[in-house]
Each structure stands twice: as C-alpha cells, then as structure tokens.
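What follows is a set of notes on a single structure, which appears directly below.
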Amino acid sequence: MRPAAPLWVLLPALVLLPLLALLPGISHGGGWELVGEFAAAALQPSLEPLVVGSVLGGLGVTAGIALLGWAASLALGLVLGIASSRVVWHTCCGNAAPASWIRRLLALPRSIHELLWGLLLLQLVGLQPVVAVVAIAIPFGALVARVVSDLLDALPTANLEALRCGGVAGPAALVTALGPPLLPQVISYSGYRLECALRSATMLGVFGLGGLGTELRLTLQSLAFRELWTGLWLLLAVMLLLEALVGWLRRRWAMPARLGLHRRGVGRQGREILVASLVLLPSLGLVAWQLGIEPAGLLRWQGLPPLGPADWGAVLALPWASLAGSTLLLTLLAAALAVGLAPLMLLVAQPCRPLLALVQGLWALGRLWPPPLTALLLLFVLQPGLVTGALALGFHNLGILGRLLLEAAETSGAPQQQALLAAGAGPRLALLYGRFSSLARPYLAYGAYRSDVILRESVVVGLVGATGLGSQLLESLSSFAGDELLALVLVYAALTLLGEDLSDRARLWLLETPHGDGPPQEAGGAWR
Amino acid sequence: MTSRKRFLTLLAGFCLALVPAAQVQQASSKPELRIGAIPDQNPEKLNRLYSLVANELSQQLGVKVTYVPVTDYTAAVSAFRTGSLDLVWFGGLTGVQASLQKPGAQMLAQRDVDAQFYSVFIANTRGGLKPIQNQKGLVALKNKRFTFGSESSTSGRLMPQYFLRQAGVNLDDFAGGAPGFSGSHDATIALVQSGAYNAGAVNEQVWKSSLRSGKANRAKVVQIWRTPSFPDYLWLGQPNLNQRFGKGFSTKLQKAILSWRSSDPEQKQILNLFGAQQFTTVNPAEYKKIEQVGRQIGKIR
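Line by line, the protein sequences give chains A and B.
Following the numbering used here, the residues of the first sequence are numbered contiguously, the last one being 528.
Following the numbering used here, the residues of the second sequence are numbered contiguously, the last one being 1301.
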C-alpha cells in the first residue's frame, strides 16, 4: 500500500513534530540580542571603501575558483563519463565490463567531500589557489562522469544500431547517434553544476582556502555584522545573477523546440554554443592568470609532516559507533527537514504573492549561506549539538531543493492545476493534487539523492561540536594525527558509498511507474 | 571560404592568441617575503591591517613583502611547513607544531607580554558559576556547557585544557559529552555572553580589550579564574631565509621587528594592532613546556 502520490512529498515534513518538541529544550535564548543586531545590520551593510574593496576582491577570487573548478570538472567528467559508459565500451570493443570497473573506481573520489580534498591537498602541495580549484574538480568531475554515463546509457539506441548495421565505424556511429541527444542534457546539467561550484567555492573559503568565504567567517566570528552583510549582499547578487543567466541559457539552448516551427533556431543555437565555448576558453586562461593559478605547483609535493608512529590502538579506541550513528542521524534529520519543508512552504504561501516572494527570498538566503556560518549563527540562541547542525544543513539544502521544486513546478502540471481550479478546488488543493502529483516521484527521487549529498556535507558543520565524524575530523586535523585522519576518511567514504547505494535503490523504487502513468521522469538524474 | 567559416577561423585565431598571454606572468623571480598570521583576534581587521606590517617590513628590508591571509590555525601550520609562508605570527602551540614540522625554523621575536601570558576562564552570569579561588575549583565546570577557542589555540585551548586536567576535569565531563570549539577568542566571548555556553576559556589580552571596547558586557559575562602564566605567541621564520634573500637576512628581519617603537606613527599602529609595547627576542627553551603539554594533551605527536 502506498499513500496517494501528492501526499508523499509532505511525509518527510513530519520530522518537524519531534524537532519542534526538542527546540524549547535546546534553546537558551541568550543571544537574541545578537540575532537582532545581525538582522538589523542587513539594512545597513558597511560601505567603507576598505571593506567593500576587500569583499569585492574576495568575491572575484571565489567566482574565479568556482569557474575554473567547474570547467575542469566538466572536462574531467565528460572524458571519464564516456570512459565509464556501457554503450561506448559495447560499441567500441564489444565488451561492457570495463565500464563498470571504471564506474566503481570513480565512486571513491566522489564519496569524499570537496572540503576534505581541499584540506588533504593543502597538506601535500601547500597553500596555493590551485588547491581549491582541484578540490572542486575532483569530486565534481567524478559526479559529472557518473551523470554523463547514466545519461549515455539511458539514451535510445535505435539510431546507433541502424548506423552500425550500415557499416559505420564504432566511434563515428557513437558521435552521430548519441552526440546530439546528449548535448542539451549535458548543457542543462552543467549550468546547474556551475551554481554548485559557486556554493562550494564559498564554502572552501570558510575553511581558509581563499576568497569571500574567508571574509564571511572572519567577520561573523568578530561579530562585525555590518561588514558581514556587505559580503552577503554582494554574494546574493552574484548568485541570483548566475542562476538567472544559467536559466536563460538553458531555456535558449537546451529546450526542445515545442512545435518544430523554428527550425532555424537549431543552427543559431549551435553557433551560439560554439561561440560561447570559444569565448569561455580564453576567459578561463585569463581568470587563471589573474588568480595566479600555477598548475605546475601541483607537482611540487612537499612530503607529509614528520608523523609520529601510528597508534592504531588509539584509533580503534575512538567511539566509532556513536560517531557514525550521530553522523547518520544528523543526515536523516537535515534531509527530512529540507525535503519536507520545501513543498510545505510552497503550499502555505501559494495563495499569497508577497508571502511566496518571502519564501523565495528565504530559500535564496539558505542557498547562499554556507552551513557552517548558519550553524555559528544558530549557536547564538541554540545549544550546540546534533540538532543545531541538522538545522543548519537542512536550511541550506531547503534553499536548493525549494528552488528546484519551484522550477519544476513551473514546467509541469499546469493543466491539471487549472482543471482543478476551474472545478472549484481551493488554490492549495489544486497545487497539491494538480501540480505536485506528477512531481512527487521525481522530487522525492531527487530528495533521496540530496540526502547522500547531505551525508557528505555533514563534515562541514563539525564546528558546532558533537556532530559525529565531522567534529572528530576537524580535531584530528589540528593534531596532525595522520592515522586517525586516514581511518576517519575511510569510514566517511564507506558511509557515503553505503548511503549512495541506499539512495539509488530508493530512487529507482520511486521512479518505477507501476501504473504506467507516463514515462519515468528525468528529474532524478538530470538534477544531480 | 563562406562567411561563417571565416568568422569561426577569426574567432579561433583570437582565442589562440590569448592563450600564450596567460602563460607569461610567472617569469619574474625576485624573491618575495610572504607573511601570514593565525587568525585569533579581530581576524577580519588583521586581514586589512596586515598591509601595514607588509609595508613597514618592505621599507625596512628593501624586499617585496606580501600578506597571505589564512583563516585556519591548521592551515597556517601546513602553509609554513610547505614553504608557502616565510614569516608567520603563530601562537605557542602552532609555533611549536610548525617548528617541529620544519626543523631549523627560527623563533625570531615575541611581544613583551608573550613570555608570561595568561588565559582566563569566563562564565555567563546566569549560569550560576561563581569566581573560583584556586585551580581545584575548576571542578565546578563539570556538567556545564563549555567552549574553547580554536582547536589549536594555546591560550584558548591547550593551556586551559591542561589546567582543567590537573583539576580532574576531562573533556567528556562537560555537558553534551564534549566541549565546543568556537574558532576564535572573540567568538568564545560572544557565545558565552549569549549563553550558548555556560563558560569558556580565552586569552586574557583579548578579554581585557573586549571589556574596554564594550564588546563584552560585564552584566552578562564575568571572569571566574585566571591561569598561571605560560609562553605564547611568536614570529617564526623559515630556515632558508638567508639562502633566498641574501646573507644575514634573518638577522636583519629580526632587528627590523625589534626596532618598532610607538614614537613612529606607522609602527605605533602596528604595535597597537598586536596589543604590544614592543617586540623582544625569544628564548626557544621556554617553549619546551608548551611542547610537553602539547604531547600530553595529544596535540603534538
């Protein structure tokens, strides 16, 4: 027995009940004054030239790191994605086995958060801008590779087989048959990755790897709220601009022409895409030059610090069960919060335009603020611990999920909603049963994927204390305890791989359509 | 050639022309002194005001000096080990960690206050914690929510933890089974004042300046105990400064730092930034105690 599809999306919101019950217990209210100061400062950000200058400089570095990391991850991802696609291996060599080996190998770099990559690389090659770029490129590249190979393997193969039967060589047939349908999906997905890269670059900054994140954390820790808001407003502007630009390009380039009337559009799109990529290449070079990125610097390995003899007994003595347990609990709480709240807020705000705008504003802030900053803010009024960490992570992911939900809601289910409205249903019911019913499965499938992102991200809220593996990892890092670090990273990777497997199963289960009501939607895959 | 092809050729040529332009800049190889600091107090100001230090050193030494911002204690140590920073303002523990990881590193200078530095334990006034008469009194902190500063801070973590341990308070005795790590002294004061934690440990110098500036409100947060003294902050230089900048450079560098006086308006600004009257030489043997404590607590292996 499954409940009616539209109601599914609201199920995770049930987590609110225990949370609301817990909140009075963990809130101490001591810092409302500080929160008030923080909110008031939003209206009067510091405009001192020194502050604005240093924020702009930081923003430039962050944006540059994001752009370069994104470009590198795309290049890496496309190559590896093609190399791990079953269709490609099957067509070229007649055997698809190597594809799944490469796929399994790629799971490891993907399972480690970019922050960890950054901190590990910092140990190996020292503090240089290229570290942040590579830290983003490695896990993102492995992720893009997986999506590209999934997309490739899901494409219809009729054209490919026809070409092969006609005697066309393998590679040529692949490019001709699979290239054109793959391109719009890759373009649409890569736009989304660029937004992720901007968020990641900000986050890396929070941990000292350069850029605006550094400014944000320092100003927050010194309670210089007006200066903090200078950075936040500018970052918000850049993020919204980027999202608008990506959305616009996606609609222009990747949307299939609806009626096939604008045939000339195809040629124009092709030329535009080509011009854009040709402009992109030298501008990447320019950005790299501006940031002082030196790829050769990656080869100057410094060797690890002189480590004491590994003390595996002490490593084993760490409370592994409780560390892993609280990490998982943190993940579940944050995921349920994010997945459940987004549709709930949309439903509540639906009939009232200003309220809807407010919700969207809140989501934008959620996406914008790196979770460790939210966590530090929450500590002003809440006691440290797992719930506080979960709230911070949940808020961030709510912003991301909410936006995707809204975007998807705009493009599907409109007729059903209109029909329900015309039949006299209230606006909320019409939204729930009209739009959400077709969205429920792909949305939840995406939610399942998001929860394994959250598991990886749980490392970043380690600084609120008692959040499991994340907190322990930061402590071991500062002690330069190589043995503990190694064990922690391995456990993290194992947990993430397990989580990924579970969320994959959940997604498949959600996307299977037992009643044959339409083709399985791409949302789960394309949103990754 | 169709117009479209010509257009594309032109575009490609344009792009290729730009590529080498991006490659040239690394050519100049005049050595550059890169300085950094752990972000322990008003770090956002450090970020901006460190250009003063860079300018002053550059004037006195005649080499290019740049400030590299680092937000994280651990990152600062790694950056020093990997040679990304030439001269760093470290805390006691990070300084010892860095000099153990980079044998031959030179302890160049410290402030007049650093040979005998103090930490204070502070408490929120609503938590019922009273001033403590002697070290044994620290047991009152058991089952309270307690925060340190950064994981690697000497005055915000290492020494306070050491004194707590002597009094029989372990890390898992605090409420929630673990202490918090606020990240900096300012954050510790703010969090204890807000009541997020009942108590915390901070650097005495930061505590006093917060009281003076009004950032700390005596009605909400008070000092409950002052620790015995220990050595803290220092300027640490790379072992290879003389090879890179010429014979006698590290002595010149040390003399430059020691020469700063508040009679010079710019040097006065720098000294104010550091909260010092002036800088003095370092006796490396004093930091042996920090190393011992670091090993006991597990921060040095």
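For every residue, glycine included, the Cβ atom is placed at its ideal position computed from N, Cα and C.
For clarity, every value in this text was computed on a predicted model and none was experimentally measured.
- Closer than 7 Å to the CB of residue 1092 of chain B there is not a single CB belonging to chain A.
- Cα atoms of residue 1063 of chain B and residue 1241 of chain B: separation of roughly 12 Å, rounded to the nearest angstrom.
- Under the Cβ distance rule, residue 1070 of chain B counts among the residues neighbouring chain A, one pair being separated by less than 7 Å.
- For residue 476 of chain A, same chain residues with a beta-carbon under 8 Å away, outside a window of 5 residues either side, are 484, 485 and 488 in chain order.
- Considering only beta carbons, the part of the region 1191 to 1208 of chain B lying closer than 8 Å to chain A consists of 1191, 1193, 1194, 1195, 1196 and 1197, in chain order.
- Only those residues of the region 1134 to 1158 of chain B whose C-beta falls short of 7 Å from the nearest C-beta of chain A are listed: 1145, 1151 and 1152.
- Per the C-alpha coordinates, the member of A:409, A:59, A:447 and A:459 positioned closest to residue 228 of chain A is A:59.
- Counting only runs of at least 4 residues, the region 29 to 94 of chain A fully encloses the following alpha helix (DSSP H) elements, listed from N- to C-terminal order: 32 to 43, 49 to 83 and 86 to 93.
- Across the set B:1194, B:1031 and B:1097, the C-alpha of B:1097 shows the shortest separation from the C-alpha of residue 1073 of chain B.
- Taking a Cβ-Cβ cut-off of 7 Å, the neighbours of residue 1039 of chain B in chain A comprise 218, given in sequence order.
- By the CB criterion at 7 Å, residue 66 of chain A and residue 198 of chain A fall inside the cutoff.
- By alpha-carbon distance to residue 130 of chain A, the top candidate from A:490, A:176 and A:210 is A:210.
- Chain-order list of chain A residues neighbouring residue 1079 of chain B: 126 and 127, by C-beta distance under 7 Å.
- Per DSSP, residue 105 of chain A is one residue of the alpha helix (DSSP H) stretching across 97 to 111.
- Contact of residue 1084 of chain B with chain A by beta-carbon distance below 7 Å involves 126, 127 and 128.
- Beta-carbon to beta-carbon, residue 1186 of chain B and residue 1206 of chain B are separated by about 7 Å, close enough to satisfy the 8 Å threshold.
- Within the model, the alpha-carbon separation for residue 118 of chain A versus residue 1124 of chain B is close to 37 Å.
- Taking the C-beta atoms as reference points, residue 474 of chain A is found nearer than 7 Å to residue 462 of chain A.
- The C-beta separation of residue 1115 of chain B from residue 1286 of chain B comes to about 7 Å, placing the pair in contact by the 8 Å criterion.
- For the C-beta of residue 442 of chain A, not a single chain B residue is nearer than 8 Å; the gap to the nearest is close to 39 Å.
- CA-CA distance, residue 1296 of chain B to residue 37 of chain A, rounds to 41 Å.
- A straight line joining the alpha-carbon of residue 1034 of chain B with that of residue 1087 of chain B spans about 7 Å.
- The beta carbon of residue 351 of chain A lies closer than 7 Å to those of 427 and 428 in the same chain, with the five residues before and after it left out.
- By the Cβ test, the region 441 to 457 of chain A is in contact with the region 394 to 414 of chain A, since at least three Cβ pairs between them sit closer than 8 Å.
- The three-state reading of DSSP puts residue 27 of chain A in strand, counting E and B together.
- Chain-order list of chain B residues neighbouring residue 123 of chain A: 1078, by C-beta distance under 7 Å.
- Only residues of its own chain outside the window of five on either side were considered, and among them 441, 444 and 445 have a CB closer than 6 Å to the CB of residue 510 of chain A, listed in chain order.
- Bridge partners of residue 496 of chain A according to DSSP: none are assigned.
- Residue-level contact by beta carbon fails for residue 57 of chain A and chain B, as no gap is shorter than 7 Å.
- Rounded to the nearest angstrom, the gap between the Cα atoms of residue 335 of chain A and residue 69 of chain A is 26 Å.
- In the same chain as residue 450 of chain A, and ignoring 5 residues on each side of it, the C-beta atoms closer than 8 Å to its own belong to 335, 338, 339, 397, 400 and 401, in chain order.
- Along the region 1163 to 1195 of chain B, the positions whose C-beta sits under 8 Å from a C-beta of chain A are 1176, 1177, 1178, 1179, 1180, 1181, 1182, 1183, 1184, 1186, 1187, 1190, 1191, 1193, 1194 and 1195, read in chain order.
- Among the CB atoms of chain B, one or more fall inside 7 Å of the CB of residue 28 of chain A.
- DSSP places residue 1076 of chain B in the helix class (H, G or I) of the three-state scheme.
- A residue is called buried when at least 16 other Cβ atoms come within 10 angstroms of its Cβ; residue 1106 of chain B meets this threshold and is buried.
- Residues of chain B with a Cβ closer than 7 Å to the Cβ of residue 475 of chain A are, in chain order, 1151.
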